[in-house]
Amino acid sequence: MEAKLWPTLQAVLNGVLTGSLYALIGMGMALIFGVMRIVNFAHGAFLMLAMYATYVLFDRLGVNPYLGFVAAAALLFVVGVLNYQLLLRRIAERSDFMQILLTLGVSLILSNGVQLLFGADYHQVNIPLLDMNLHLGRHISLNAPWVLSFAITAVLAIGMFLFVMKSRFGRALRAIAQNRYAASLMGIDVLRTQALAFGLGLAAVGVAGGLLLPVFYLYPGVGDQFTLKSFVIVVLGGMGSIEGAAIAGVVLGVVENLTSLYWGNEWALVVDFAIFLLVLSLRPSGLFGSQRV
Amino acid sequence: MRPRWLVHAFLVVLFVGAACKGSRPEEARSFRIGVITSLTGPAAAFGQAHKNGYAVALAELNARGGVLGKPIEVLYYDDQSKPDQAVQGVAKLVDQDHVPIILGAFSSENTRAIVPAVIQKQVPLIMPTATAENVMESGSPWIFRICAGSDTYAGATVDFLTHNGAPKTLAIVYENTNFGQANAKSMKTVATAAGMTVVDEEAYQASSPDYKALLQRVAAKEPEVVYFASYLLDATTLLRQSEQVGLSPKYITSAGTGFAAAEFPTEKGAGKYAEYTFSVAQWLPTAKWPGSKEFDDAFTKLTGAHPAYHAAEAYAALIVAADAINRAKSDQPAAIADAIRKTQMTTPFGPVQFDAKGQNAHPVLVTQVQGAQYKLVWPADVAEVKPVPTPAWSERH
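Read top to bottom, the protein sequences are chains A and B. For the working numbering, count along the first sequence from 1 and bump the result up by 95. For the working numbering, count along the second sequence from 1 and bump the result up by 23.
As structure tokens, this is what we get:
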């Protein structure tokens with residue numbers, strides 16, 4: 096029994112660390128979906144953009160990625176607001192299909208634009224922190240950068256949750272999510288609030304991208320897999336619930352790690368999407384909460 | 024409405040297609056050779072190595088007057104590291120550009136995908152780097168391979184191991200496409216035949232940030248040897264995370280590729296994590312074949328870094344193609360394929376001669392990263408240095 100216990104615990108802890116990044120990415124998507132009903136197919140491309148921003152800061156100016164992520168988040172916030180004001184706003188009243196096409200188009204432009212600027216070659220950052228492992232007892236070890244990114248993510252995720260639930264702006268967001276026409280009758284500037292929400296959603300992705308860069312590597316197509324993962328997270332967390340998405344992200348990380356440990360890594364994605372389909376068909380309101388944003 | 028719209032679009036495509044065909048000059052001023060490789064996507068580092076290898080060969084051949092009195096022009100098709108794109112590349116190169124011969128692709132997955140298309144279009148294909156044995160199983164007279172395959176990789180690795188410590192247990196960790204699957208299969212067969220026990224086989228999806236659970240599984244089996252079949256990006260992550268979960272086999276061996284890329288032992292790759300890893304290699308800059316040094320010099324001058332074997336294979340593929348075209352004295356695919364079959368030449372990559380199945384018998388070496396450089400450790404009679412068993416992670420820093 097004990098022989099199995101430690102590896103399982105190790106896998107669960109690693110899953111929580113990975114899952115915290117998933118959570119942040121998923122929260123961004125949930126916020127955007129919750130407030131605007133936009134399925135953001137460019138989510139992964141924005142993540143990639145944030146990674147490149149952090150990389151450029153590191154490569155050209157020597158800024159540590161664990162500081163650079165703040166700049167990436169700020170950049171993504173601006174990109175998000177602009178993206179909403181210049182593009183998405185114009186088709187807000189049209190069919191959902193147009194939003195899908197538009198965000199897909201943005202995604203293609205971003206990944207090909209980055210490829211033009213930086214080439215298709217991959218990049219990685221090597222910082223001393225990557226070589227540090229924290230040993231808890233004899234059996235458990237955690238890689239320091241993942242622990243650091245977990246700590247940052249936890250603080251920001253809780254902050255984001257409180258902001259949406261408690262602040263005046265957050266209340267406006269939730270009002271729009273409930274009924275945008277009623278919200279505008281109550282004196283809420285719907286367009287401005289939605290633009291800020293899109294910016295905020297992308298800022299979360301910006302943070303995640305900055306934190307992901309040191310433990311991963313970078314090429315223009317790196318974000319694609321995360322678009323798919325955030326769909327799974329949003330569905331699992333209950334279409335647009337940001338705390339649901341946070342929990343779902345962590346759960347997804349743990350499930351992936353346990354699947355890898357017991358069945359093998361090739362099953363991890365299968366299980367991801369099996370969960371996706373099961374939740375969609377059996378409990379479309381999600382497992383971890385309902386929409387409140 | 025929609026059907027009519029589709030018909031219009033179809034007509035436009037037909038018309039444009041015909042116009043392109045019509046504009047083709049009767050007597051082209053250059054001799055076109057098609058290349059399919061991965062210039063973008065996760066395998067871009069290897070595609071770039073290919074491109075540089077071809078570029079060196081191209082400069083050399085054209086300086087000598089090209090083929091059939093014309094300069095050679097290489098038309099690249101970027102398969103974006105995706106098999107379906109590689110297949111489109113065959114159609115584009117043959118139908119639109121009318122190349123009589125294709126070289127490529129990079130990965131085993133993409134090469135396997137283009138074999139049927141090439142056979143159908145009836146143009147010869149020279150494969151520079153695909154190691155999976157199933158790329159050759161069609162037995163078609165249009166298919167030729169310059170490099171050694173996964174069976175030879177496994178054979179050389181096991182041969183090396185039996186003469187160095189003779190470890191008994193082995194785990195295989197492989198990326199889950201054609202390259203990894205083929206090399207895992209070959210290794211399982213060869214290692215078992217040599218009396219070793221394969222204690223674990225783990226497939227994984229490349230381009231994932233997290234392999235820790237998989238490596239935990241391997242560590243639990245405590246194998247003496249781990250054999251990795253990985254591309255570059257995953258190789259780095261795998262090694263870094265091996266340290267974290269305490270996977271410390273006595274021999275970290277590999278089916279080349281990621282573990283043999285020029286970037287791998289540098290800061291751009293796995294850096295210090297690459298140290299002590301073993302890899303098979305098809306060629307090294309220190310190879311004794313005539314022209315090896317000149318190729319190394321020309322490549323280094325072009326790119327600022329020494330070539331790995333992927334570039335040498337691409338270089339050799341173009342040299343062999345040009346030689347065959349000159350001997351065929353024709354720009355017809357069938358004549359060129361016949362000439363390739365009769366190839367008998369020494370290239371900087373080694374002697375090239377194809378057997379009845381189109382395979383070139385090429386020897387495989389084993390290298391170890393020592394001091395951030397690939398050092399030849401096997402076969403023993405040509406070894407540069409003595410192999411050092413991979414030390415435990417805890418004994419390194």
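Backbone N, C-alpha and C fix where the C-beta goes; we use that ideal spot for every residue, glycine too.
Can you list the residues of chain B that residue i reaches, using a CB-CB cut of under 7 Å?
i	result
Pro102(A)	Gln239 and Ala243
Gln289(A)	Result: empty, since nearest Cβ-Cβ is about 32 Å, beyond 7 Å.
Asn159(A)	Neighbours of Asn159(A) on chain B: none; closest Cβ ~16 Å, over 7 Å.
Which residues of chain B have a Cβ atom closer than 8 Å to the Cβ of residue i, listed in chain order?
i	result
Thr113(A)	Pro232 and Asp233
Asn109(A)	Asp233, Lys235 and Ala236
Leu307(A)	Pro232
Gln194(A)	Residues of chain B passing the Cβ test: none, with the nearest at roughly 22 Å.
Mind pulling the chain B residues with CB within less than 9 Å of residue i?
i	result
Val310(A)	Pro232, Asp233, Thr260 and Arg263
Gln105(A)	Lys235, Ala236, Gln239 and Val268
Leu225(A)	Arg263
Name, in chain order, the residues that DSSP records as bridge partners for residue i.
i	result
Tyr197(B)	Ala226(B) and Ala252(B)
His218(A)	Leu313(A)
His230(A)	Ser236(A)
Glu421(B)	Because chain B here runs from 24 to 420, residue 421(B) falls outside it and cannot be looked at.
Glu96(B)	Arg55(B)
Thr366(B)	DSSP output for Thr366(B) lists no bridge partner at all.
Tyr274(B)	Val248(B)
Asp101(B)	Thr60(B)
Lys398(B)	Gln391(B)
Ala304(B)	Leu388(B)
Compare the C-beta of residue i against all C-beta atoms of chain A and say whether one is closer than 9 Å.
i	result
Pro65(B)	yes
Leu255(B)	yes
Ala395(B)	no
Ala337(B)	no
Asn201(B)	no
Glu290(B)	yes
Ala205(B)	no
Ala194(B)	no
Ala78(B)	no
Ala284(B)	no
Gly45(B)	Confidence at Gly45(B) is low in this model, with a pLDDT of 44, below 50, so its placement is unreliable and no value can be given for it.
Can you list the residues of chain A that residue i reaches, using a CB-CB cut of under 9 Å?
i	result
Tyr227(B)	Ser355, Gly359, Asn360, Glu361 and Ala363
Leu62(B)	Ala215
Closest Cβ-Cβ distance between residue i and chain B: below 9 Å?
i	result
Gly121(A)	no
Phe368(A)	no
Pro315(A)	yes
Ser325(A)	no
Tyr217(A)	yes
Ser190(A)	no
Ser244(A)	no
Leu237(A)	yes
Gln273(A)	no
Glu338(A)	no
Asn352(A)	yes
Asn228(A)	yes
Gln210(A)	yes
Thinking C-beta only, is residue j closer than 9 Å to residue i?
i	j	result
Ser130(B)	Phe202(B)	yes
Asn221(A)	Leu112(A)	no
Tyr161(A)	Tyr312(A)	no
Gln391(B)	Tyr299(B)	yes
Leu171(A)	Val300(A)	yes
Phe371(A)	Phe326(A)	yes
Gln143(B)	Pro356(B)	no
Ala194(B)	Val268(B)	no
Thr192(B)	Thr220(B)	yes
Ser61(B)	Gln111(B)	no
Val302(A)	Leu126(A)	no
Ala215(A)	Gly188(B)	no
List, in order along the chain, the chain A residues whose C-beta lies closer than 7 Å to that of residue i?
i	result
Gly294(B)	Asn221
Glu132(B)	Near Glu132(B) there are no residues of chain A at all, since even the closest Cβ is about 15 Å away, more than 7 Å.
Ala463(B)	As shown, chain B starts at 24 and ends at 420. That puts residue 463(B) outside it, with no answer to give.
Show which residues of chain A have a CB atom less than 8 Å away from the CB atom of residue i.
i	result
Gln71(B)	Asp216
Return yes when the C-beta of residue i is under 8 Å from any heavy atom of the ligand MG, and no when it is not.
i	result
Tyr397(B)	As far as ligands go, the structure on display features none, and thus does not contain the ligand MG.
_Would you call the region 202-210 of chain A in contact with the region 182-191 of chain A, where contact means no fewer than 3 C-beta pairs closer than 8 Å?_
no
*Specify whether the region 120-139 of chain B and the region 84-92 of chain B touch according to this definition: at least 3 beta carbon pairs, one from each stretch, less than 8 Å apart.*
no
*Using 8 Å as the Cβ pair cut-off and three pairs as the minimum, do the region 162-173 of chain B and the region 235-247 of chain B touch?*
no
*Is there contact between the region 365-375 of chain B and the region 404-413 of chain B, where contact requires at least three CB pairs shorter than 8 Å?*
no
*Should the region 170-178 of chain B be regarded as contacting the region 154-162 of chain B, the criterion being three or more beta carbon pairs within less than 8 Å?*
yes
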